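Read through the structure below, which is laid out as structure tokens, and then see the notes.
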Amino acid sequence: MTRLKDKVIILTGGSGLIGKTLLEQIRNEGGICYNADISVKDDLENGSIECDITNDHSIAETIDKVLRRHGRLDGLVNNAYPRTSDWGKKFEDIPAESWKKNMDMQLNSIFSFCQQSLRVMKEKRKGSLVNIASIYGIVGPDFSVYSGTDMTMPAAYSAIKGGIINFTRYLASYYGHAGIRINSVSPGGILHDQPRSFIENYEKKVPLRRLGLPSDIAPPVCFLLSDEASYITGHNLVVDGGWTAI
Numbered sequence: 144m145t146r147l148k149d150k151v152i153i154l155t156g157g158s159g160l161i162g163k164t165l166l167e168q169i170r171n172e173g174g175i176c177y178n179a180d181i182s183v184k185d186d187l188e189n190g191s192i193e194c195d196i197t198n199d200h201s202i203a204e205t206i207d208k209v210l211r212r213h214g215r216l217d218g219l220v221n222n223a224y225p226r227t228s229d230w231g232k233k234f235e236d237i238p239a240e241s242w243k244k245n246m247d248m249q250l251n252s253i254f255s256f257c258q259q260s261l262r263v264m265k266e267k268r269k270g271s272l273v274n275i276a277s278i279y280g281i282v283g284p285d286f287s288v289y290s291g292t293d294m295t296m297p298a299a300y301s302a303i304k305g306g307i308i309n310f311t312r313y314l315a316s317y318y319g320h321a322g323i324r325i326n327s328v329s330p331g332g333i334l335h336d337q338p339r340s341f342i343e344n345y346e347k348k349v350p351l352r353r354l355g356l357p358s359d360i361a362p363p364v365c366f367l368l369s370d371e372a373s374y375i376t377g378h379n380l381v382v383d384g385g386w387t388a389i
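The letter at position 119 of the sequence shown is residue 262 when you use the working numbering, and the numbering goes up by one with no holes.
Spelled out as structure tokens, the structure:
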């Protein structure tokens with residue numbers, strides 16, 4: 144499949160769980176994809192750019208490196224997921240400073256990457272952005288699935304992902320006149336070494352009776368990046384095995 148043939152795309156967090164599969168899928172579909180990740184070193188020949196998405200200067204440098212090499216930016220996927228070391232505390236135990244820092248690291252970094260990328264795309268009057276959100280930006284968490292584990296659903300996650308979804312709608316409305324499409328994808332739970340009790344609890348509830356896989360998320364993202372989705376903007380594509388349907 145070559146629906147992304149020669150499209151120049153920046154993917155943040157391409158070294159993570161979902162990011163690795165996104166990177167592979169975009170490239171398999173013909174895209175020229177750069178992994179903008181804090182854990183890699185610059186290797187533009189092989190599509191890697193060291194990027195700290197919490198730093199505006201680092202974001203600007205990343206975009207500039209791509210522009211100097213290709214003269215354009217066709218797509219952006221905001222997938223990176225930075226968080227503080229105390230991420231996952233129960234609500235009553237969350238320090239106010241931790242809450243503020245996570246908001247800044249995640250939501251504000253997406254604002255900055257979108258703002259700087261959209262300046263470039265507006266000049267060309269074309270482009271596609273995909274923001275990775277979550278089902279917990281749409282519905283409240285079912286805390287019963289965490290029964291028997293030390294896991295919980297971080298409060299900031301809901302606020303951030305809900306913010307991403309509506310920010311996506313704002314951008315779609317604002318930049319539609321320029322021919323730029325902005326959408327989000329909301330995955331359900333993704334299988335990743337969770338305790339067996341959590342997996343069983345989750346799979347009992349979800350209609351398809353399994354947790355998602357990164358390979359379930361990558362094709363929908365590529366679809367939204369592609370010209371096949373040329374009349375889709377402001378949409379939040381839910382990929383959750385039916386979790387939010389019930």
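Note that the Cβ used here is the ideal one computed from N, Cα and C, for glycine as well. Small disclaimer: the values here were computed from a predicted structure and weren't measured.
Per DSSP, which one or two residues make a beta bridge with residue i?
i: Thr155; result: Ala179
i: Arg324; result: Ser271
i: Leu351; result: Per DSSP, none; premise fails for Leu351.
i: Asp186; result: Ser191
i: Val382; result: Pro330
If we call anything under 7 Å between Cβ atoms a contact, is residue i one with residue j?
i: Ser271; j: Leu368; result: yes
i: Asp185; j: Gly156; result: no
i: Asn221; j: Ile192; result: no
i: Leu154; j: Asn178; result: yes
i: Ser329; j: Ala276; result: yes
i: Val349; j: Gly322; result: no
i: Val273; j: Asn326; result: yes
i: Tyr345; j: Leu354; result: yes
i: Ser228; j: Gly291; result: no
i: Met248; j: Thr295; result: no
Residue i by DSSP, collapsed to three states: which one?
i: Pro357; result: helix
i: Ile333; result: strand
i: Ile196; result: coil
i: Gly218; result: strand
i: Met228; result: Here residue 228 turns out to be Ser, not Met, going by the sequence shown. Residue state, collapsed to three classes: coil.
i: Leu314; result: helix
i: Leu166; result: helix
i: Tyr345; result: helix
i: Leu210; result: helix
Assign residue i to buried or exposed, taking buried as 16 or more other Cβ atoms, counted over all protein chains shown, within 10 Å of its Cβ.
i: Asp285; result: exposed
i: Arg212; result: exposed
i: Lys347; result: exposed
i: Met144; result: exposed
i: Pro338; result: exposed
i: Tyr313; result: exposed
i: Leu187; result: exposed
i: Gln168; result: buried
i: Arg352; result: exposed
i: Lys243; result: exposed
i: Asn309; result: exposed
Mind listing, in chain order, the continuous alpha helix (DSSP H) runs of no fewer than 4 residues lying wholly within the segment 239-304?
239-245, 252-267
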